[in-house]
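Notes follow the structure.
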Amino acid sequence: MSFDPKSASYLDSIEVVEVQRGPKPGGVGGAYRAFGETLRGLKTTMARLIEGPMTIEYPEEKTPVYPRFRGRHKLHKFEDTGLEKCVGCSLCAAACPADCIRVVAAENIPGDRVSAGERYAAVYEINLSRCIFCGYCEIACPFDAITMGHDYEMADYDRRDLIFTKEMLLAEPVERTPLKSEGE
Amino acid sequence: MSPAGREVTITIDGREVPAVEGEMLHDAARKGDVEIPYFCYEPKLGDPVGACRMCLVEIEGIPKLQTSCSTPVREGMVVHTRTEQVKEAQNSVVEFLLVNHPLDCPVCDKGGECPLQDISYGWGPGKSRVIDEKRHFEKPIELSPLVAIDRERCILCYRCVRFSQEVSEDAQLQLIERGDRTYVGTFDDRPYVAPFQGNITDICPVGALTNYTYRFRARPWDIEHAGSVCTICPSQCNVSFTVRDEKVKRVISRDNHEVDDGWLCDRGRYGFEMFDAPERVREPQLKGGAVSWEQALEAVAEGLRRAGGKVAAIAGDASNEEGFLLQRILRDALGSPHIDSRPSRGPKADVLRRLAEPNVSAKVRDIDEADAILVLGTDPLHSSPILDLRVRKAIRRNGAKLVVATERPTALDGGAEAIARYAPGQAAHFVGELASAIGGSDNVATPVAETLRDAGKVVVIWGERIAREDGAAEALLDVAAATNMSTTDGAGLLEIPDTTNARGLREAGCLPDAGPGLSDTTAGKSTEEIREALISGELTTLVLFGADPLRDFPDTPAWEEALTAADFVLTFSMHDNATTAKSDVVLPLETHAEKDGTVTHPDGRLQRVRPSASRPENVVPNILVLSELATKLGLDTGIDSQPTAFQALTNAVTLYNGIEDEQIGGRGLRWQDREGATSARTGTEQPGPGGPPEGGSPDTQRDAPISMVQPDPTPRGVASADPPSGGPSTAANGDLLLGTYRDLWAGPVTELNPPLKFLTPQQRVEISRTDAERLDLKSGDKVRVNGIEAEAHVKERVPAGVVFMAEGVSDGNANALLNGGPVQVKIEKLDEATA
Amino acid sequence: MLSIADTQLAEATWIMVVKSIVIFAVIFGVLPLLTVLERKLIGRFQHRYGPNRVGPYGLLQPLADVGKLVSKESFRPENATKTLFILGPLLPVLAGVLSLAIIPWGDVQDGVGLYGIDVPIGILYFFAVGSIAFYGLLLGGWSSGSKYSLLGAMRSAAQLISYEVSMGLALLGVVMMSGSLSLVSIVHSQGEIWFILPQFVGFLIFMLAGFAETNRTPFDMPEADAELVQGFMTEYGGMRFGSFLLVEYMEILVVSGIAAAMFLGGWMGPGPSFLDPIWMLAKMLGLVLLFIWVRATLPRLRYDQLMSLGWKVLLPLATLNVLVTAILVVVT
């Protein structure tokens, strides 16, 4: 079969898809359309003006987060005994894709227990400048000792200050982040 | 036991797998790349026990499932490992094992490297139907000061018990109680005390047995494994350092059948905290004060130049490269031939060359296959612990006949066919007698010789210290000739030297009368002669590289005098000790976790020590220090790294010619085994088999051995210690002959490693019952022996007329009493008041 | 032919001086407010607040901006031509201020004309002075010694020439209807009907060309911050850069003033006559708001689109407008 795009057999053999195109620019029609579109644009911006600003003025006003928001980590203690839930098993460090958790475990001394198990985390550090807030540590933790909190204000002037120690992670955040209410 | 069966083909999961008839199905499957889960099976531990039931497989023709670890392979066997029936069995076994397992993985040290975890994930049902209370034990408790046991986690696989009973043969670990109350323990809950106990933590498939030294230190994902070689003793076991944050946290075995068979002694396993001990020398010291490297090297160069050739060097704990560089500095830069690497005396170079002949030297693996083993003048448990396990294995598995000939009772006496005891200082005489007894003559050594005479493959494990006596090494060669070693494959001599890398240093040229590769050279002074020359002022300057004469060398008072007399003493040392205190300049040494270099196993195997952990800030690679020093002294060695040093070494040492670093690899390379290995002694004629060369038994006029003891008629019986029949009795004045030995735990390793401190030995005087009665002593009495206070210890097997004391202990080192000849000691009992 | 003396109101010199000072002061007081107004409005057009940090409602923002611009280094590139580079921003300022003179704020009251000066050639004056501003841009762009500046300046030149023609023709209709070039006369002639109704096409063309004259979106081609990094201003910094911005807003005011006077009846409005300047200001403000609204809405045109709009659409349309107006004026 010879290739002739205009031949009937060729047109029959392919499925023709019509390409949708706008009118050609230029000419009186083009000018008219451009004028119309310009007016439509002016209407659009005017509508925004009437709607008013949607800005959340951040430092004064904080964006509420969802309850499952993954912010800065928190370590937990048992409420009744006050012992740390973390036993220093390092599973969070193993799960961490950014390799930002460092755990050094130690053995509990009877009479001066730190955690509920035989071992506890003598050193628990999260380098928040590396953390990607994926929440795998939370999932890996067999004792629910580490959870992702709602605090997202962690900017600092010194990278060393972004290495959070166990004491910092156990402490409550100074300012509480607002939570989204139901249906919001 | 060893399967010399024929090649057969079996079918596993529809795949044809080649196998050897009689080998265990599990091994055949593993070789054929079929994975069968298991807990208890471990060929190193002897016969399979089938305790864990994890390796069940279906075999066509057998109605019930069989344990693959204990089913020998037959021709045409058809095996299925993945059928429903097998899966159900595996699920059930895992579920059953987990019935009482606490699943406290987050707390458990084994977590992440635990076979039970792996198998539960891989072959387990994933859930449990058991809702009942699990069994409880007190946890964790001390099985020993080094090993913690958590009985709740134990799955009763028997591995540790089998190790204790069949490998280390101490039989201390037992399964106690029956049924679900069974637990692993020792009699009366006494601590498990054994020099190889750390191995049970390696083989435990769960977290029931864990090291206190590694307790909660790291997780598998926190660490890196760095393969290296332990150079604490001459065994040179292959180890893997567990490194976290660039610090060694654990030492585990790196199975090398040619060297250590996968076991490790506790000294090597727990002796890593000394890398960071406070006593560690961390920077160069000049007259006790820390100085910069620049100042220190300047002072050293100045001191050595001032000596004007009147300088000597003694190498101790050093790698081949370091030894090679040291002897080059001494011989080529300072023009002094006085270098040695032995604690006192030793054979002449020509004898060493003959001992190094490949055809009379045995390799470690030859012990496994030997027909008869002679342990001569050494106790492997103390001098090269891993060989003790090797000898036991040969006896147990291969039925090798063991003959022990030593001064002092050894740990291997129990398994010996014949035992000979000779008096301290009589080794040369005894070996000479032994050679002629094997040749057919009838003398004191005949009972021992009878076992060796027609044995076929004879392996002689001999201690370097017998060669301190003139003629002993020559006599040993006669023994070799008499047992046809040179013509028998798998027979030979295996030396246990006094220092870690003795063979490597000798071959690198750290000998007074032989250069690199045991080549001929201008004769210099040996260690003892150096000492005398320092005292007399003939030599003025001494370089000690990893040697501690005040602790390890005989005759401590003379060494004190020599070090005081010397104008300038340069010491390379890992830790502060008495010797560094008397040195002018102390330079820090690297530990075996930091060093980069090669060492040579006593059987000629070159092994690579690799840097695994970070060295302290001011510790510089010793090779660089030595080459810098050489440059300062006007000798350009062209060495600036381990590869260049190794290149220089292999070029200079004919035995090592052409050995590449890749050939050494992780397993090492015996220079005798490679193609075109050069013999140390070329063109020298072989001595005739029966003709002992001059000095074959130079001291025939000496006293006969004190006692020749034969074991009880019952096989494997403990040798009786009857008073000697024909031997000389105690000297007329009541003085006793002093014999010394180096205890496994005597040395800086125990003192510098806190976990091992409880093992630090105290000086004891081992005395025979006869002598004890005569002196009215009982075990535990305080005595004074020629000025050294010690505790008397009455031992059945010590021959009368002799006492034994330990060398190298921190208080009352017996080296202080030795003076090169036989030493008579007077024992005074101290009253409670005076003591 | 009208002579200058005919329409000129004779005033004392001191009155002229006071008038100049007042106009100058008012305009320069309004300009900074204009910038903050623009930024706040654009913010609102985009759902934002705009500047609100400096002072109440961000009203002190211009002060901060000026403070910043003044304190910055007046940088000059090494290969710039010094005198011309300095002259560059000055000429447009001069031109802008001169243009302000003819904007009528009200009629003659108590013998004082509420405008800078009533020139008989009013519109021609506006065109003549406005073209001087363009010399400033061209000189600044060329003397910077940078290719981006030069390109921006060339575009400015082409754009201004293109659109001045249409602008002139658009105003011609008004001139023909009022029969005068004087802005005061033109306002007076709108007593009955504002020229925006009869001259609606002219108004549109004038506004479009006005956008182009003032370099505002969608015709901010000479600046084109995305393509030419601010065009002729690239190498300028500090207050010299600020002058260019100042001129932009001043020109907006001028164009708004001219448009208000020509098409929206100037100061005319209900109420007493003293409200006249207020009406004028209000009308101008309305046009300024239009400028801002358009800026918030429309994207920048392509250069060829700009040219083809100017020459192919606006010029024929303006010509046609003049022709039709001329016929109608002659017929009626």
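Residue numbers (the working numbering), protein chains in the order written: chain B, 221 to 404; chain A, 258 to 1092; chain E, 126 to 457. For glycine and all other residues, C-beta sits at the position ideal for the given N, C-alpha and C. A quick note: this is a predicted structure, and the numbers were derived from the prediction, not measured.
Hey, is residue 274 (chain B)'s beta-carbon within less than 8 Å of any beta-carbon in chain E?
Here residue 274 (chain B) refers to the residue found at position 54 of the first sequence. Yes, residue 274 (chain B) counts as interfacial toward chain E.
Nearest CA to the CA of residue 676 (chain A): which residue from A:706, A:652 and A:686?
Counted from its first residue, the second sequence places residue 676 (chain A) at position 419. The residue with the shortest Cα to Cα distance from residue 676 (chain A) is A:706.
Opposing strand residues paired with residue 484 (chain A) [DSSP bridges]:
Within the second sequence, numbered from 1, the residue matching residue 484 (chain A) stands at position 227. Paired residue(s): A:497.
Whole angstroms are fine: how far does the CA of residue 301 (chain A) sit from the CA of residue 749 (chain A)?
The residue given as residue 749 (chain A) occupies position 492 in the second sequence. The residue given as residue 301 (chain A) occupies position 44 in the second sequence. If you draw a straight line from the Cα of residue 749 (chain A) to the Cα of residue 301 (chain A), it is about 24 Å long.
In whole angstroms, give me the CA-to-CA distance for residue 284 (chain A) and residue 630 (chain A).
The residue given as residue 284 (chain A) occupies position 27 in the second sequence. The residue given as residue 630 (chain A) occupies position 373 in the second sequence. About 29 Å.
Three-state secondary structure assigned by DSSP to residue 182 (chain E)
The residue labelled residue 182 (chain E) in the question sits at position 57 within the third sequence. Helix at residue 182 (chain E).
Listed from N- to C-terminal order along the chain, which residues in the stretch 333 to 365 of chain B have their beta-carbon within a distance smaller than 8 Å of any beta-carbon of chain A?
Cβ contacts with chain A come from 337, 338, 339, 362 and 363.
At the level of alpha carbons, what is the spacing between residue 257 (chain E) and residue 359 (chain E)?
Taking the first residue of the third sequence as 1, we reach residue 257 (chain E) at position 132. Taking the first residue of the third sequence as 1, we reach residue 359 (chain E) at position 234. Spanning the alpha carbons of residue 257 (chain E) and residue 359 (chain E) requires a straight line of approximately 21 Å.
Under 9 Å by beta carbon: chain B residues contacting residue 476 (chain A):
Working through the second sequence from its first residue, we reach residue 476 (chain A) at position 219. Close partners of residue 476 (chain A) in chain B (Cβ separation under 9 Å): 309, 310, 311, 313, 314, 323 and 325.
My guess is that residue 349 (chain B) and residue 389 (chain B) are in contact by the Cβ rule of under 8 Å, so how many angstroms apart are they, rounded?
On the first sequence, residue 349 (chain B) is found 129 positions in, with the first residue counted as 1. On the first sequence, residue 389 (chain B) is found 169 positions in, with the first residue counted as 1. About 15 Å separates the CB atoms of residue 349 (chain B) and residue 389 (chain B); that is not less than 8 Å, and the two are not in contact.
DSSP state of residue 313 (chain A) mapped onto helix, strand, coil:
Sequence index remark: in the second sequence, residue 313 (chain A) carries index 56 (1-based). Of the three classes helix, strand and coil, the one that applies to residue 313 (chain A) here is strand, per DSSP.
For residue 479 (chain A), does the count of other Cβ atoms within 10 angstroms reach 16, so buried, or fall short, so exposed?
Residue mapping note: residue 479 (chain A) aligns to position 222 of the second sequence, counting from 1. Counting every other CB atom within 10 Å of its CB across the protein chains shown gives residue 479 (chain A) a total of 16 or more, marking it as buried.
Looking only at its chain, what residues have a beta carbon closer than 6 Å to the beta carbon of residue 949 (chain A), apart from the 5 residues adjacent to it on each side?
In the second sequence, the residue the question calls residue 949 (chain A) occupies position 692. Because residue 949 (chain A) carries a pLDDT of 39, less than 50, the predicted location of this residue cannot be relied on, and no value is offered for it.
Go ahead and pull the three-state DSSP assignment for residue 270 (chain E).
Along the third sequence, one-based indexing puts residue 270 (chain E) at 145. Of the three classes helix, strand and coil, the one that applies to residue 270 (chain E) here is coil, per DSSP.
Would you say residue 341 (chain B) and residue 386 (chain B) are within 8 Å of each other, going by their C-beta atoms?
As a working mapping, residue 341 (chain B) is identified with position 121 in the first sequence. As a working mapping, residue 386 (chain B) is identified with position 166 in the first sequence. Contact flag set, yes.
For residue 207 (chain B), would you say it is in contact with chain E, using Cβ-to-Cβ distances shorter than 8 Å as the test?
Outside the shown range of chain B, which is 221 to 404, sits residue 207 (chain B), and nothing can be said about it.
Flag residue 532 (chain A) as yes if its beta-carbon sits less than 8 Å from any beta-carbon of chain B, otherwise no.
The count along the second sequence starts at 1 and reaches residue 532 (chain A) at position 275. Closer than 8 Å: no.
Could you list which residues in chain B have their beta carbon closer than 8 Å to that of residue 438 (chain E), in chain order?
What you label residue 438 (chain E) is simply residue 313 of the third sequence in a count that begins at 1. Here the neighbours are 251.
Mapping DSSP to helix, strand and coil, what is residue 395 (chain A)?
Numbered from 1 along the second sequence, position 138 holds the residue referred to as residue 395 (chain A). In this structure, residue 395 (chain A) counts as coil in the three-state DSSP scheme.
Is the separation between the beta-carbon of residue 847 (chain A) and that of residue 808 (chain A) shorter than 8 Å?
Start at 1 with the first residue of the second sequence, and residue 847 (chain A) comes out as number 590. Start at 1 with the first residue of the second sequence, and residue 808 (chain A) comes out as number 551. 8 Å or more divides the Cβ of residue 847 (chain A) from the Cβ of residue 808 (chain A).
Sequence-distant residues of the same chain with beta carbon closer than 8 Å to residue 171 (chain E), five excluded per side
By one-based count along the third sequence, residue 171 (chain E) stands at place 46. For residue 171 (chain E), where only same-chain residues beyond five positions count, the Cβ hits under 8 Å are 421.
Give the secondary structure of residue 211 (chain E) by DSSP, where H, G and I count as helix, E and B as strand, and everything else as coil.
For the purposes of this step, residue 211 (chain E) is taken as the residue at position 86 of the third sequence. It is helical.
Quick check: the stretch 443 to 452 of chain E against the stretch 361 to 373 of chain E, are there 3 or more CB pairs under 8 Å?
With a cut-off of 8 Å, the stretch 361 to 373 of chain E and the stretch 443 to 452 of chain E do not count as touching, because too few Cβ pairs lie within range.
Is DSSP giving residue 297 (chain B) helix, strand or coil here?
As a first step, residue 297 (chain B) is located in the first sequence; it is residue number 77 there, counting from the start. Collapsing the DSSP output to three states places residue 297 (chain B) in a strand.
Exposed or buried, residue 355 (chain E), counting other C-beta atoms within 10 Å across all chains shown (16 or more means buried)?
For the purposes of this step, residue 355 (chain E) is taken as the residue at position 230 of the third sequence. Under this definition residue 355 (chain E) is a buried residue.
What number of angstroms, rounded off, separates the C-alpha of residue 1041 (chain A) from the C-alpha of residue 526 (chain A)?
For this step, residue 1041 (chain A) is matched to residue 784 along the second sequence. For this step, residue 526 (chain A) is matched to residue 269 along the second sequence. Roughly 35 Å separates the two Cα atoms.
With 16 other Cβ atoms within 10 Å as the buried cut-off, status of residue 142 (chain E):
Along the third sequence, read from residue 1 onward, the residue named residue 142 (chain E) stands at position 17. Exposed, since its Cβ has fewer than 16 Cβ neighbours within 10 Å.
Since residue 1086 (chain A) sits in a beta bridge, which residues does DSSP pair it with?
Taking the second sequence and counting its residues from 1, the one referred to as residue 1086 (chain A) is at position 829. DSSP, once it has assigned bridges, lists A:1040 as partnering residue 1086 (chain A).
Along the chain, where does the alpha helix (DSSP H) containing residue 577 (chain A) start, and where does it finish?
Along the second sequence, read from residue 1 onward, the residue named residue 577 (chain A) stands at position 320. Per DSSP, the continuous alpha helix (DSSP H) segment holding residue 577 (chain A) begins and ends at 577 to 585.
To the nearest angstrom, how far is the alpha carbon of residue 672 (chain A) from that of residue 518 (chain A)?
On the second sequence, position 415 is the one that residue 672 (chain A) refers to. On the second sequence, position 261 is the one that residue 518 (chain A) refers to. Near 20 Å, if we compare the C-alpha coordinates of residue 518 (chain A) and residue 672 (chain A).
Could you give the DSSP three-state label for residue 618 (chain A): helix, strand or coil?
Stepping through the second sequence from its first residue, residue 618 (chain A) is reached at position 361. Assigned with DSSP and collapsed to three states, residue 618 (chain A) falls in strand.
Counterpart residues of residue 828 (chain A) in DSSP-defined beta bridges
Position 571 of the second sequence holds residue 828 (chain A). According to DSSP, residue 828 (chain A) bridges with A:801 and A:843.
Whose Cβ in chain E lies nearer than 8 Å to the Cβ of residue 271 (chain B)?
Working through the first sequence from its first residue, we reach residue 271 (chain B) at position 51. Result: 172.
Got a sec, what are the start and stop residues for the beta strand (DSSP E) residue 1023 (chain A) sits in?
Stepping through the second sequence from its first residue, residue 1023 (chain A) is reached at position 766. First-last of the beta strand (DSSP E) with residue 1023 (chain A): 1021 to 1024.
Does the beta carbon of residue 334 (chain E) come closer than 8 Å to any beta carbon on chain B?
Here residue 334 (chain E) corresponds to residue number 209 of the third sequence, with the count starting at 1. With its beta carbon at least 8 Å from every one in chain B, residue 334 (chain E) lies outside the interface.
Closest by C-alpha distance to residue 875 (chain A), when choosing among A:1002, A:542 and A:1004
Counted from its first residue, the second sequence places residue 875 (chain A) at position 618. Comparing alpha carbon positions, the residue from A:1002, A:542 and A:1004 closest to residue 875 (chain A) is A:542.
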